[in-house]
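Heads up: the sequence shown begins at 291 in the numbering used here, then just goes up one per residue. Don't be surprised by glycine CBs; every beta carbon is placed ideally from N, CA and C. Have a look at the structure below, then the notes.
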Amino acid sequence: MMSVGLARKAAAFGASAAMLAALAAGLVASPAQAATAATAKAAPKVSVSAPSVSAGDYEGTCPVKVNFSAKIKVPVKGKTELAYRWLHGDGSKSKVKVIKLKGKGTKSVTVKQSITFKENVKGWEAVQVLGPKKATSKKRYFSVSCQEPQEPKEVRSHLDVSVSARAWASPDSYEGVCTPGDKIGFVGLIETNRPTRVRYRWILNGEVADYGTVRVRDTRKVGFGISPRHSQRGWAQLEILSPEGSSSNRAYYKVWCKDPAPAPAPKVSVSGVSEAGKRFDMCNDGRGPGVDFKATLTSTGPTTVQYYWVVNGVRDHNTLERSVNGSLDVTWGIGGAPNSTKTEGTVELVVVSPNSASSGVASYSATCPPK
């Protein structure tokens with residue numbers, strides 16, 4: 291980040307560049323240029339607010355994390371990509387970030403960044419939109435003044451309260467599916483030389499995460515937990531606010547979130563193909579007897595099954611469809627051939643979806659009773 295003096299020099303340079311651009315462009319616009327300007331004015335514009343800052347004029351211990359945020363309004367028609375970056379007072383720029391938007395109308399998007407400062411700083415931050423149309427926010431000035439902790443001025447006696455603290459993460463690393471529920475716990479041990487009430491707070495990555503007051507006799511544990519929803523790493527620290535100011539070590543942690551393994555696709559098998567019954571009523575019409583068949587479809591999960599029957603090596607042209615979750619009995623039947631007193635052959639049930647499966651060939655036979 292740059293100092294106030296450097297910021298003023300950069301501002302002066304920007305003003306000179308703007309004046310040269312204005313002289314190069316000419317002071318008087320033609321009628322065509324005026325019409326184009328009027329059309330551009332009527333078209334929806336991209337606008338960006340001046341950034342807000344969590345600590346505009348900070349005074350205290352360092353390092354400290356300062357948060358910035360700004361709102362960008364973007365006209366959207368269908369699919370639009372919002373490209374932007376942060377401009378820093380020292381002349382540097384952040385990486386370009388892209389947010390994909392879709393829909394219709396004007397969308398409001400809040401963009402954020404956090405910067406940790408370890409020493410005194412005076413500067414500014416701004417947001418520059420690069421697409422779908424260019425726009426730059428006003429500058430937001432801020433300052434950070436780091437102060438050293440004050441040394442105690444009085445000589446302590448054996449009657450004074452002494453408080454110390456240490457902290458650790460449990461576990462200090464996690465790898466797996468990140469779902470609701472505490473994944474990282476932080477434990478702090480407070481020690482005192484005599485019973486006293488202790489006021490404390492937890493700092494997580496530079497921000498207050500929890501606080502409380504407890505009565506401590508010799509030692510006492512305090513803690514809190516977090517449930518990360520994305521991969522991250524960081525630290526937590528236990529600060530003693532009273533009866534005296536002190537801090538524990540930093541307890542570092544890391545989290546690697548992984549997507550859950552996809553559930554296996556259901557598989558279907560076929561079993562028990564056999565005769566289900568004979569229909570001799572067809573014998574009265576001069577045909578062979580009809581035969582009904584049955585089989586069992588078994589699925590490892592809910593799915594829709596497509597299957598067909600094969601009789602004497604010839605596939606039936608009808609592909610049937612049923613919903614299966616577990617076991618399901620299916621049936622089918624054929625009629626006897628004209629001028630025949632006997633119906634026989636082989637039958638098979640074939641599954642084509644969600645996977646291929648076959649029942650194997652089963653024989654059948656039926657003969658009309660004598661008249």
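- Query: Less than 8 Å separating the beta-carbons of residue 614 and residue 595?
  - Reply: Inclusion of residue 614 and residue 595 in the CB contact set at 8 Å is warranted, their separation being smaller than that value.
- Assigned exposure category for residue 527 - 16 Cβ within 10 Å defines buried: Under this definition residue 527 is a buried residue.
- Please work out which residues of its chain come closer than 7 Å, Cβ to Cβ, to residue 331, disregarding the five sequence neighbours upstream and downstream, and give them in chain order. Because residue 331 carries a pLDDT of 47, less than 50, the predicted location of this residue cannot be relied on, and no value is offered for it.
- Item | Local conformation of residue 573 per DSSP, three classes | Here residue 573 sits in helix by DSSP.
- Item | the segment 617-633 in contact with the segment 572-591 per 3-pair CB rule at 8 Å | Contact between the segment 617-633 and the segment 572-591 is present, because at least three Cβ pairs lie under 8 Å.
- C-alpha gap between residue 661 and residue 555, whole angstroms: If you draw a straight line from the Cα of residue 661 to the Cα of residue 555, it is about 54 Å long.
- Determine which residues share a DSSP beta bridge with residue 378 and list them. Note: residue 378 sits in a beta bridge opposite 415.
- Task: From the DSSP output, read off the bridge partner residues of residue 609.
- Result: In DSSP, residue 609 forms no bridge with anything.
- Between which two residues does the beta strand (DSSP E) containing residue 345 stretch? Counting along the chain, residue 345 falls outside any beta strand (DSSP E), and DSSP gives it neither H nor E.
- Start-end ranges of the alpha helix (DSSP H) lying completely within the segment 585-649, minimum 4 residues: Fully enclosed alpha helix (DSSP H) runs of 4 or longer: not present.
- Out of 363, 642, 599, point me to the one whose CA is closest to residue 418's CA. Out of 363, 642, 599, 363 has the C-alpha closest to the C-alpha of residue 418.
- Message: I'd like the list of long-range same chain contacts for residue 385, defined as Cβ closer than 8 Å, with 5 residues on each side in sequence excluded.
- Response: Excluding residues within five positions, the ones whose Cβ falls inside 8 Å are 375.
- Query: residue 506 and residue 482 look like a contact to me (Cβ under 8 Å); what is the Cβ gap, rounded to whole Å?
  - Reply: Contact annotation, residue 506 with residue 482: C-beta distance approximately 5 Å; criterion of less than 8 Å satisfied.
- Identity of the residue in 346, 656, 427 nearest residue 569 by Cα: Looking only at 346, 656, 427, the smallest Cα-Cα distance to residue 569 is reached by 656.
- Message: Quick check: the Cα distance between residue 654 and residue 612, rounded to an integer number of angstroms?
- Response: Distance between the alpha carbons of residue 654 and residue 612: 25 Å.
- Query: Looking only at its own chain, which residues have a Cβ that is under 6 Å from the Cβ of residue 355, when we skip the five neighbours before and after it?
  - Reply: Take residue 355, set aside five residues on each side of it, and the residues of its chain with a beta-carbon closer than 6 Å to its own are 404, 406, 496, in chain order.
- Item | Coarse secondary structure for residue 524, derived from DSSP in three states | Assignment of residue 524 by DSSP, reduced to helix, strand and coil, places it in the strand class.
- Task: Tell me residue 438's beta-bridge partners as DSSP assigns them.
- Result: Assignment of beta-bridge partners to residue 438 by DSSP yields no partner.
- Message: Tell me the DSSP secondary structure of residue 326 in three-state form.
- Response: Residue confidence is low: residue 326 scores 43 on pLDDT, short of 50, so the model does not pin down where it sits. No coordinate-derived value is stated.
- Query: Do you know offhand how far residue 508's Cα is from residue 382's?
  - Reply: About 51 Å.
- Item | Local conformation of residue 475 per DSSP, three classes | Strand, per DSSP.
- Query: What residue range is occupied by the uninterrupted beta strand (DSSP E) comprising residue 500?
  - Reply: Run containing residue 500: 497-506, per the beta strand (DSSP E) assignment.
- C-alpha distance - residue 515 paired with residue 466, whole-angstrom precision: Roughly 17 Å between the two C-alpha positions.
- Could you give the residue range of the beta strand (DSSP E) that holds residue 483? Careful: residue 483 lies outside any beta strand (DSSP E) and carries neither H nor E.
- Message: One question on the structure: do residue 334 and residue 370 come within less than 8 Å of each other, judged by their Cβ atoms?
- Response: Against a cut-off of 8 Å, the Cβ pair of residue 370 and residue 334 comes out as no contact.
- Task: Would you kindly report the start and end of the unbroken beta strand (DSSP E) that includes residue 396?
- Result: That run of the beta strand (DSSP E) goes 387-407.
- Message: Nearest by alpha-carbon distance to residue 642: which of 619, 636, 593, 616 is it?
- Response: In this structure, 593 is the residue among 619, 636, 593, 616 with its C-alpha nearest to the C-alpha of residue 642.
- Taking residue 484 as the reference, give the member of 493, 492, 510, 522 with the closest Cα. Looking only at 493, 492, 510, 522, the smallest Cα-Cα distance to residue 484 is reached by 510.
- Task: Starting from the Cα of residue 634, find the closest Cα among 411, 501, 341, 564 and give me that residue.
- Result: Nearest option by C-alpha distance: 564.
- Item | Residues that residue 670 bridges to, as DSSP identifies them | Residue 670 lies beyond the residue range present for the chain, which begins at 291 and ends at 661; the question has no answer from this structure.
- Closer than 7 Å: is that where the CB of residue 351 sits relative to any heavy atom of the ligand GDP? You won't find the ligand GDP in this model; it holds no ligand whatsoever.
- Task: Compute the distance between the beta-carbons of residue 432 and residue 338, then report whether it is under 8 Å.
- Result: Remark: C-beta atoms of residue 432 and residue 338 do not approach each other more closely than 8 Å.
- Task: Report yes if the CB atom of residue 411 is closer than 8 Å to the CB atom of residue 360, and no otherwise.
- Result: Not a contact, by the Cβ cut-off of 8 Å.
- Note down the Cα distance separating residue 438 from residue 529, rounded to an integer number of angstroms. Going by C-alpha positions, residue 438 is about 16 Å away from residue 529.
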